[in-house]
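In the UniProt record's numbering, the protein residues as written are 1 to 1166.
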């Protein structure tokens, strides 16, 4: 195989392996031409015009290109504005003409071009830049552009004579364009043909529209041709007024938006170079817009390539070629790139000689790179594309700046100049800034009205608006500056609620796009590394062939950090709102009272209402554009102010900055006075209720510091307060029936006053929700407010209950004020129960029922004290009023338990209720047992009622599962106490029984409960209680022994005192240890002294009776005991029982315990 064949095979492999993908975004609407594409007969003279030539305007190569009058062309920015969802997601946005020029640069050293480059996000926007025409334009005759003239002359080595900058007419090119135009019109001749198309022409029959092989599902709107246009006038399609191009928005006539005409006229009135004039298309600059992915580079491309073909035939592009000139690399590359961008598989070449048609030839797109005479490597094209993109992205780093990309035909160097920075250095106006900012605003406006409010989209819109605001501030475009600030403030406000992520405004002007040369930033001074960038950069054409696929010199642009701070977002939004107010309303800057800033002057004309349209989101979350209206603008600003300050209220409240919270609430209330935003009203009142509640429960609050913080108004706060005070027509002292005249007085209010105010505020918050169907957001907010209101009701109920307990009558009939406190407390508990029940909060319902039960027990206690004649006097018998209130307490406790059974709740709440209920039954049993109502009730009934109450208490107490050791000990102690009470009750009944059967029955019950009490009372943890139970139990046996002198009772006493079955020695050891360690309180010391004295007495009597029985006739019953040991113990008891000396008695008890441990065990073994 020859080297030539090897080279061809290599090129074929590279052409096959190249990665290219095209998605068509837009195609020029159907034109009023329905004839078929025809193949021209041989010898057709293209020098003669066809009959249909230029009678109807057709774009692209159908019409000779004319010199456009506007020297500043922003077609790529306009194209990007049509597709906001694609904005900044592509690497390059430009026309196919510019892309081809750049990619062919290293293959043609004589090429020259002048382009403007703009960087927005990750995207580069390339357009024509005709500096000579700009310098001659009337639009810039008043501008000081000497620096630009000097720069242009220096770059081209020209003198200062402007005439030399005029482009020389290229007659040959003009003649070629005219012939090509006539050829295209010949190919779509209107006159019908009787001849049937041949097989060779079937594939070339033109469809009803000039279109590409694949389209988006959305059909573009139909265009109409301006009949008044002359045959040679530029195209003027009447298209939709929407900035975003084709739209499927219904009823567009009722939703006015910014039209291109309005934008151009407004630009002219502001002395801004119009981004496009009527000489430019109002709908699109190109026949089609495509997204072309070439290897790893994504481009949004505008193309005017005519494409023909029906659905069943492959689409083809049509080219006219001079047969006398051989095809070269540049031509083949041009054809290949055009077809590749538009995904056209074939090309139909028509050859002519001096305008006379010779022949047609069909060529596949994949074959173009290796045609004879025009061979090139697609891989080299890829390397060139990557090198140019790397060069531009590494040096075009500042948004809002205009860069000049220039290639002279005399040099093999591509140069890049930062024209905006050069203008700033020369302290001269930037001729490009206004139009760039103008288009940035257009794009942001389109994105605002069409895109969803995702974090990513909001970040893109914020970046656009912040950059156009910088430009408008320099250019004094006050109306657009106001609107850009308005959109920016609204975006920040919306981002507070659209998602959990928010905008990190602390880095809103800085963007990280690290490269080998610099890092990307939108602000000129935001990143120091950008200051070191030269105002001129260049790249040698020869280096464009290098393969850098493995070492890209730039990284993907990221907007900003998404770890966002809501407080900073709110501040930025408020600052933007303040700027809008300063620009559009008669508001003076009050931040400097000595030299207040004057209102920024307008340009002296009426605001263009169509330009300053107000986009807003409707109920279905679609953007609706409304005509500008100051009242509507004012309402939107008030809503933004309220949302931002509400967020600041929430943030400051979470930090417990109460003074700051009330300051923000003050502005929030005033912003909502004239708004019908019931949801915002409810939120503001809810937060006000929260701060009141937190103030009521706060401890060690520095009131002076909080008041100082309340009065610490920022510059923006003062400006907004002035605007709000001048705006509000209603009385400013009340907001939803709540006094807001001086929120600082809240700090001086007492606990009760704060809680009462909180209940009113929460109630008004609840009332401010819409009465119509409540959505999920409102429903949750209503639940939150109801819960807060119920909590305050509970707090108030507890407050008045505690106050009643503190002032409770110690004797005599309760006073009217005391009864009033009971009623107030009960009413608040009742309101709280109803509120919690409304939101199905079963746990809190149960807790409030528990508190109500406690209130009833307090009432019962007071009526029990009413039986006393003095504070220290003895109380009388249990009264009917006490029983009534105890029964009410039981009722509320049971309601609480019932409410818990209907759902899953915390077991702690249920255990607490069971504990309260058990305690209440134990209390009433104890009161009736100690103060039996024998005057109003038979003793038998009293005993029965006491027994019933104690058994209920025992039932509830045993139902409580213990969660830890501490709870277990408490529960066991309470159960032991209940059994002790039952044993004592039956012991008492036993003493009053006459029949032997009754005595036997009650003796068994008493013994049963006493022994159960031992099992539940830990002698180590509760030694005093344990000994008290033994004392009562021994008293029972003393009574029985006195009744029948039976050794059985004496043996039972002996078992309690000496045997290990009842661990009395453990209780006594622990008690002696506590005495030695002085772990007893004053009251406990007296009780322990009494118990030890009584115990010594019991031991003395028991041992004396035992010795007596052992020496008597019944000695056989005690033959297991040693009488000598009994005498030793009796002697130790007598010696240890020293009167009125706890320490000596404790020592005596310790000695006795030692003897008991020795002798008793020995006796048992023997």
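The beta-carbon is built from N, C-alpha and C at its ideal position, and this holds for glycine as well.
Grouping DSSP H, G and I as helix and E and B as strand, with all else coil, what is residue i?
i	result
residue 811	coil
residue 1133	helix
residue 875	coil
residue 319	strand
residue 941	helix
residue 1155	helix
residue 1110	helix
residue 389	helix
residue 591	Note that residue 591 has pLDDT 45, beneath the 50 cutoff, so the model's placement of it is unreliable and the number below is only indicative. Residue 591 falls in the coil class under three-state DSSP.
residue 83	coil
residue 88	coil
residue 53	coil
residue 350	strand
residue 1127	helix
residue 45	strand
residue 1030	helix
residue 977	helix
residue 1121	coil
residue 18	coil
residue 1146	helix
residue 298	strand
residue 823	helix
Does the Cβ of residue i have 16 or more other Cβ atoms within 10 Å, making it buried, or fewer, making it exposed?
i	result
residue 671	buried
residue 995	exposed
residue 795	buried
residue 22	buried
residue 175	exposed
residue 326	exposed
residue 700	exposed
residue 91	buried
residue 751	exposed
residue 430	buried
residue 146	exposed
Need the endpoints of the beta strand (DSSP E) that residue i sits in, please.
i	result
residue 124	123–128
residue 453	Element bounds for residue 453: n/a, residue is neither H nor E.
residue 1077	No beta strand (DSSP E) contains residue 1077, which DSSP labels as neither H nor E.
Taking the CB atoms as reference points, tell me whether residue i and residue j lie closer together than 8 Å.
i	j	result
residue 329	residue 294	no
residue 852	residue 829	yes
residue 789	residue 826	no
residue 347	residue 335	yes
residue 740	residue 760	no
residue 1088	residue 1024	yes
residue 918	residue 949	no
residue 53	residue 182	yes
residue 392	residue 338	no
residue 485	residue 580	yes
residue 984	residue 912	no
residue 938	residue 877	no
residue 447	residue 84	yes
residue 357	residue 44	yes
What residue range is occupied by the uninterrupted alpha helix (DSSP H) comprising residue i?
i	result
residue 663	658–672
residue 645	630–654
residue 1012	996–1016
residue 288	Careful: residue 288 lies outside any alpha helix (DSSP H), inside the beta strand (DSSP E) at 288–294.
residue 1054	1047–1058
residue 338	329–342
Do we get a CB-CB distance below 8 Å when we pair residue i with the residues of chain C?
i	result
residue 898	Included in the structure is just one protein chain, with no chain C present.
Segments assigned beta strand (DSSP E), at least 3 residues, entirely inside the stretch 395–450: 403–407, 413–418
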